[in-house]
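Chains A and B are the protein sequences, given in the same order.
Going letter by letter, the first sequence gives residues 144 to 447 in this note's numbering.
Going letter by letter, the second sequence gives residues 4 to 285 in this note's numbering.
Just so it is clear, CB atoms sit at the ideal spot from N, CA and C, and this is done for glycine as well.
Nothing here was measured: the structure is a model prediction, and the numbers come from that model.
Report on the structure given below.
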Amino acid sequence: MEKIIDVINLKKNYGEIEAVKSIDFYVEKGSLFAFLGPNGAGKTTTINILSTLLKQDDGEILIDDLKIGQNDELIRQSIGIVFQEGVLDPLLTVKENLLTRGAFYGFSKEKLKERIEKALSVTGIENLTNRRYGTLSGGQKRRADIARALIHAPKILFLDEPTTGLDPQTRKNVWNTILNLQKQDNMTIFLTTHYMEEADKADYVVIIDNGEVVAKGTPSYLKDEFSNDLLKLKPKDDIKLEEYLKKSQINFVKETDLYTIKINESLASLKIVNDVKDNLLSFQVLNGTLDDAFINITGKEIRE
Amino acid sequence: MILNLVTRNLKLYFRDRASVFFSLLGVIIIVGLYVLFLGKMMVDYSTQLVGESARFLMTSWIVAGVVSVTAITTCNGAFGIMVEDTALNRLRDFKVSPIKRWQLVLGYVLAAMVVALLMTLFTLVLGELYIFLDGGEILGFLSLIKVLGIVLLSVFSSSAFIFLIMAFIKTQNAFGTASSIIGTLIGFLMGIYIPIGNLPTGVQTLIKLFPLSHSGVLLRKTMMNEAMDIELLPEEFKTFLGLTYKLNGEVMGDIYHLLYLFISGLVFYVLAIVIISKKRDK
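Pasting the structure below:
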């Protein structure tokens, strides 16, 4: 294992407010890393510090073995960032935008052209090169944003909520582009997202709340640890089922004709189902989701 | 790298038709005022003094004023890109790229100078065309060289002045307000809406203190000299029109106008750079 980002004891205050209170985590090279937290948890502050936009008050950060604050110029060569809101110029075409921003990285003319073509083909927007950025749809804009972040073939790609505000189909396309970058180009992806089904595909998840890391692990670890599986029962006779549940001291929630029971693991449902099978119309066992884990950890819905 | 940024800023300025129009609004207002009523009043007044050539003389007066104002208002329009980049957070993309902050700032300043120069030359050509169609003559070669020199200096000072104002502006709202104020006030500050002689002494002093008004003086001198030898004009008439400034009863020489323009430009630039770098440290 190789750490490409290493954050040690990172702190950042805005006046009296402690936006980030001493957090530690690392990101493995080539992994898809998801950084989650409710609004105002300190996600954007952290991402801004990692991308050299903001100075930390305390703590040490290594990006590809380079120390932030000392080697910013070099670090900027090896990171690409897709911001939440588009940062390209609406009045310039996609190509003009990429040429302008690409020129910052000191490529030769031919090399730059080659890099831009690669970035366009990876994001699948070759056909939009001569369209003005301002006239593109949300999904096309986001692709152009990603293409811009890829011009210099960064080792790490930061994405701040890359799929927020896109329709489900576009979201999926953009998401696949991101996954391909990680798998085919072995790029390290660092993303924040509102969508748990996306975080679920990450290799590693860190959840922060109120400026502190409150949980970290693989998605399956977080689900196992922090969420419950659910058993849903639809009985023929409500009263009979309730009698059984009360007798066996099982907590339940009743929604119209459906009884929901939290269980620690799905196998535990077998006994209950077996005991009441004669009284059942139907039943369902649901695995815990990252959404549940998130709510259990932070006490908040992510889309607040 | 810087050339690349300048190209970007120029494209952004010229592709935004509305902002090009609005950066010329001050000029359009002046021309409108002059054509509608100021012009006739002033030509009538000066005919009593100089006879025949009054019309050519006064048209040159207004064209000189318009050219000096264009440099300022178009610089203002061009610096709008810098404000927009900051306000809409587009600046972040530059900040995470391996370019230096001074390169970025220089990109805005140079683009503003190029915009101001191009637009001023454009206005000059239109102005000369107007003079010609109105029965006057086109600038002679030597005067043209002189005018171009003054224009260059005035572009330098104007960009410095606007750059200093922009160093304080963070939002597009503030920029809009500042632009409207500059657009309207500039006609007075340059002594064009109303000839300086018609204004109270306090305001006259203010205009004389305003560095950019000195480019107006120099342009008027050169361009009006085409209509007639301005040395022959009565002293009173010259100060009334802002052809010469008097300091403590002494007529200010050309070299002092030039120096004042140049030095104020330098000072504005230094101040603006100090303010901008202080902001960055926060």
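I'd like to know if residue i contacts chain A, where contact means its C-beta is closer than 8 Å to some C-beta of that chain.
i, result
"Lys14(B)", "yes"
"Arg20(B)", "no"
"Met122(B)", "no"
"Ser49(B)", "no"
"Leu28(B)", "no"
"Asn201(B)", "no"
"Leu274(B)", "no"
"Lys285(B)", "Low per-residue confidence applies at Lys285(B): pLDDT is 45, beneath 50, and the placement is therefore not dependable enough to give any value."
Figure out for me which residue from the options has the closest Cα to the Cα of residue i.
i, options, result
"Gly68(B)", "Phe144(B), Leu39(B) and Val34(B)", "Val34(B)"
"Asp380(A)", "Leu401(A), Val396(A) and Tyr364(A)", "Leu401(A)"
"Lys154(A)", "Asn417(A), Asp421(A), Ile404(A) and Val356(A)", "Val356(A)"
"Glu140(B)", "Thr62(B), Leu244(B), Thr10(B) and Asn251(B)", "Thr62(B)"
"Lys366(A)", "Thr243(A), Glu269(A) and Glu408(A)", "Glu408(A)"
"Val128(B)", "Val86(B), Ser157(B), Ala170(B) and Thr73(B)", "Thr73(B)"
"Lys359(A)", "Ile147(A), Val163(A) and Phe178(A)", "Phe178(A)"
"Val30(B)", "Met85(B), Pro198(B), Leu188(B) and Ile233(B)", "Leu188(B)"
"Ile438(A)", "Phe426(A), Asn371(A), Ser412(A) and Asn394(A)", "Asn371(A)"
"Phe213(B)", "Ile199(B), Met226(B) and Phe97(B)", "Ile199(B)"
"Gly183(A)", "Ile404(A), Leu433(A), Asn430(A) and Ile350(A)", "Ile350(A)"
"Leu193(A)", "Thr266(A), Ala296(A) and Asn214(A)", "Asn214(A)"
"Lys280(A)", "Leu309(A), Ile332(A), Val230(A) and Thr403(A)", "For the record, residue 280(A) in the displayed sequence is Ser; it is not Lys. Selected option, being the one with the closest Cα: Leu309(A)."
"Gly245(B)", "Leu132(B), Leu28(B), Ile266(B) and Val220(B)", "Val220(B)"
"Pro233(A)", "Ala262(A), Ile166(A), Leu217(A) and Thr278(A)", "Thr278(A)"
"Ile289(A)", "Lys261(A), Pro311(A) and Arg274(A)", "Lys261(A)"
"Gly179(B)", "Leu15(B), Arg11(B) and Phe25(B)", "Phe25(B)"
"Leu181(A)", "Asp352(A), Arg274(A), Leu324(A) and Asp328(A)", "Correcting the residue identity first, residue 181(A) is Pro in this sequence and not Leu. Looking at the Cα atoms, Asp352(A) is the closest of the given residues."
Please compile the residues from chain A whose C-beta is within a distance smaller than 9 Å of the C-beta of residue i.
i, result
"Met85(B)", "Chain A residues near Met85(B): none, gap ~13 Å exceeds 9 Å."
"Met4(B)", "Ala246, Phe247 and Gly249"
Determine whether the Cβ of residue i lies closer than 8 Å to any Cβ atom of chain B.
i, result
"Glu355(A)", "no"
"Thr243(A)", "yes"
"Arg274(A)", "no"
"Gln213(A)", "no"
"Leu309(A)", "no"
"Gln283(A)", "no"
"Arg461(A)", "There is no way to answer for residue 461(A), as the model of chain A reaches only from 144 to 447."
"Leu219(A)", "Note on identity: in this sequence residue 219(A) is Arg, with Leu being the wrong assignment. Arg219(A) counts as touching chain B."
Starting from residue i, find everything on chain A with Cβ-Cβ shorter than 8 Å and list it in chain order.
i, result
"Met44(B)", "Correct list: empty, because the minimum Cβ distance to chain A is about 43 Å."
"Asn228(B)", "Chain A residues near Asn228(B): none, gap ~42 Å exceeds 8 Å."
In chain B, which residues lie less than 9 Å from residue i when you measure between Cβ atoms?
i, result
"Thr195(A)", "Lys98 and Val99"
"Gln199(A)", "Those within 9 Å of Gln199(A) in chain B number zero; the least Cβ separation is about 15 Å."
"Leu324(A)", "Near Leu324(A) there are no residues of chain B at all, since even the closest Cβ is about 18 Å away, more than 9 Å."
Residue i touches chain E at which residues, Cβ-Cβ below 8 Å?
i, result
"Arg223(B)", "Absence of chain E from the displayed structure is noted, the protein chains being A and B."
Taking Cβ-Cβ distances shorter than 8 Å, what residues in chain B pair up with residue i?
i, result
"Glu216(A)", "Pro101"
Residue i versus chain B: which residues are under 7 Å apart at the beta carbon?
i, result
"Ile224(A)", "Val99"
Using the beta-carbon of each residue, which ones in chain A are nearer than 7 Å to residue i?
i, result
"Asn7(B)", "Thr243 and Ala246"
To be precise: take each residue of the region 91-110 of chain B, compare its Cβ to all Cβ atoms of chain A, and keep it if any distance is under 7 Å. Which residues remain? Asn92, Arg93, Arg95, Asp96, Lys98, Val99, Ser100, Pro101 and Ile102
Please give me, in chain order, every unbroken run of the beta strand (DSSP E) with length at least 3 that falls completely inside the region 191-258 of chain A. 201-206 and 222-225
Could I get the ranges of all uninterrupted alpha helix (DSSP H) runs contained in the region 97-139 of chain B, with 4 residues as the minimum, in chain order? 104-136
Run through the region 223-274 of chain B for me and flag every whole alpha helix (DSSP H) of 4 or more residues, listed as ranges in chain order. 238-244
Members of the region 405-429 of chain A near chain B, C-beta cut-off 9 Å: none
Scan the region 55-66 of chain B for residues whose Cβ lies nearer than 7 Å to a Cβ of chain A and list them as they occur along the chain. none
Which runs of the alpha helix (DSSP H) fall wholly inside the region 190-224 of chain B and span at least 4 residues, in chain order? 204-212
Positions along the region 228-241 of chain A whose CB lies within less than 8 Å of some CB in chain B: Glu228, Val230, Leu231, Asp232, Leu234, Leu235 and Glu239
Hey, which unbroken runs of the alpha helix (DSSP H) at 4 residues or more fall wholly within the region 411-436 of chain A? 412-419
Runs of alpha helix (DSSP H) wholly within the region 285-370 of chain A (minimum 4 residues, chain order): 311-328, 339-342 and 362-369
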